[in-house]
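Taking the working numbering, the leading residue of the sequence shown gets 5, the next gets one more, and so forth.
All C-beta atoms in this analysis are idealised placements derived from N, C-alpha and C, irrespective of residue type, glycine included.
Being a predicted model, the structure only gives us computed values, none of them experimental.
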Amino acid sequence: MKADQISQTAAFVAIKFYGLSRIERFQPLFDDSVVTFYEKLIRSLPAPLRYYHYWLDFDWVRRLYIWSEELLLPGDLLHIVARKWYIQRMAKQLVDEGYDQLIVLGAGFDHLSYHFTQHGIDCFEFDAPKMAALKRHFLSNCYPGQPHPDIITSHLPADDLKTEFSDHPRIDPSRKTIIVAEGFFDYLAPETVSRCLQQIRQYFSHNPALISTHFALNELPSFYRWVFKSSVKLVNEQLQFDRSIDSYKHLLSETEFEISQLHDAQEISTEIQKVTHTNLSVLDGFYVLLAHQQSE
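Shown next as structure tokens:
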């Protein structure tokens, strides 16, 4: 994705979430404010993306959309809702433990930083210029009277993370900080992921917490692996960090992060199916994890 372009993957993550949130069984997973956030967001997107706001309000369109998505890549739709649900719960757990600063890398159209800003947490988003501008415009138009997260224009990963953090005076390295990398590492080379993790660990002095997603594409059948990679290439983006979960664990260990929670596709499917009574499942090879800096 170029700096002056909208991220199509970020847009369709939001669109897919919005489509499932129109189905009553999925709505109890989130506060009404979160469902409303995505409804307003999709309506505010540039054409033709905003047309999904109209069409996905029809039950027959949602059914057709779910059928086609499940035919091409089973589990992709539910994983969108699942990752938002798990990440928000993990962040809430950390806030309850005293973490009071949240940074989202490559936030896209995600609701997380806005959500926690309303709960008094200092939140920051780092994103490419076009995406940062769209997010600021959306929040100023749709939530003019509410506090907003700081949305910082950056060129990650080309820009140095430590420099980006230190250039922003409100980011305090001594505070208990949550770093969210939802899909952010997927598009980076392994050595770049390693460098980012090292810089996060080095900059924050009070045991930063990392919430991250990971796709281990080796766990997908070859046809679905091809569909996944092709769909990303179709919007001019490229997966780079799609290694096995053991490889990611090793990289985290090398950069002195220790996993405290690790949730795989089967566990996530089972839990979300109990709550929603859906027959959809989560894409094989998908993980959500929470890691902290290793103790001395």
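Every unbroken alpha helix (DSSP H) inside the segment 55-104 [4 residues or more]: 55-59, 63-76 and 80-100
Supposed close pair Gly289, Glu223 - CB separation, criterion 8 Å: Position 285 of the sequence shown, counted from the start, is the residue given in the question as residue 289. Position 219 of the sequence shown, counted from the start, is the residue given in the question as residue 223. Yes, Gly289 and Glu223 are in contact; Cβ-Cβ is about 4 Å, under 8 Å.
Beta-carbon gap between Tyr182 and Gln92 smaller than 9 Å: Mapped onto the sequence shown, residue 182 falls at position 178. Mapped onto the sequence shown, residue 92 falls at position 88. It is Ile, not Tyr, that sits at residue 182 in the sequence shown. In this structure, Gln92 does not lie closer than 9 Å to Ile182 by Cβ.
Supposed close pair Phe261, Gln297 - CB separation, criterion 8 Å: Within the sequence shown, the letter at position 257 stands for residue 261. Within the sequence shown, the letter at position 293 stands for residue 297. Right, the Cβ-Cβ distance comes to about 6 Å (below 8 Å), so this counts as a contact.
Segment contact, 8 Å Cβ cut-off, at least three pairs: the segment 51-64 with the segment 19-33: yes
Beta-carbon gap between His218 and Val292 smaller than 9 Å: Your numbering for residue 218 matches position 214 in the sequence shown. Your numbering for residue 292 matches position 288 in the sequence shown. In this structure, Val292 lies closer than 9 Å to His218 by Cβ.
In DSSP terms, what Leu266 is bridged to: Counting from one through the sequence shown, the residue named residue 266 turns up at place 262. Paired residue(s): Leu293.
Cα-Cα separation, Ser226 to Pro78: Here the question's residue 226 lines up with position 222 in the sequence shown. Here the question's residue 78 lines up with position 74 in the sequence shown. Their Cα atoms are separated by approximately 13 Å.
Inter-residue Cα distance where the pair is Leu98 and Glu74: By one-based count along the sequence shown, residue 98 stands at place 94. By one-based count along the sequence shown, residue 74 stands at place 70. If you take the alpha carbons of Leu98 and Glu74, they lie about 34 Å apart.
CA-to-CA distance, His152 to Lys134, given in whole angstroms: On the sequence shown, residue 134 is found 130 positions in, with the first residue counted as 1. On the sequence shown, residue 152 is found 148 positions in, with the first residue counted as 1. One C-alpha to the other measures close to 18 Å.
Local Cβ density within 10 Å of Trp89, reported as buried at 16 or more and exposed below that: Mapped onto the sequence shown, residue 89 falls at position 85. That one is buried.
Beta carbon of Leu284 nearer than 9 Å to that of Ile70: Within the sequence shown, residue 284 is the residue found at index 280, counting from 1. Within the sequence shown, residue 70 is the residue found at index 66, counting from 1. Closer than 9 Å, so yes.
For Asp154, the residue or residues it bridges with in DSSP: On the sequence shown, residue 154 is found 150 positions in, with the first residue counted as 1. Phe128.
Assumed close pair Phe41, His115 - CB separation to whole angstroms, cut-off 8 Å: Here residue 41 corresponds to residue number 37 of the sequence shown, with the count starting at 1. Here residue 115 corresponds to residue number 111 of the sequence shown, with the count starting at 1. Confirmed, about 5 Å.
Residue burial classification, Gly102 (beta-carbon count within 10 angstroms, cutoff 16): Stepping through the sequence shown from its first residue, residue 102 is reached at position 98. Per the 10 Å Cβ criterion, exposed.
Member of Leu165, His141 and Ser248 whose CA lies at the smallest distance from the CA of Leu49: Along the sequence shown, one-based indexing puts residue 49 at 45. Among Leu165, His141 and Ser248, the Cα nearest to that of Leu49 is on His141.
Spatial distance of Ile107 from Pro52 (CA atoms): Position 103 of the sequence shown, counted from the start, is the residue given in the question as residue 107. Position 48 of the sequence shown, counted from the start, is the residue given in the question as residue 52. Whole-angstrom Cα-Cα distance: 30 Å.
Helix, strand or coil at Leu53 according to DSSP, with G and I counted as helix: What you label residue 53 is simply residue 49 of the sequence shown in a count that begins at 1. Leu53: coil per DSSP, three-state reduction.
Pro32 burial status per 10 Å Cβ neighbour count (16 or more: buried): Taking the first residue of the sequence shown as position 1, residue 32 is located at position 28. Classification for Pro32: exposed.
Local conformation of Ile175 per DSSP, three classes: As a position in the sequence shown, residue 175 is number 171, starting the count at 1. In the structure shown, Ile175 sits in coil (DSSP, three-state: anything other than H, G, I, E or B).
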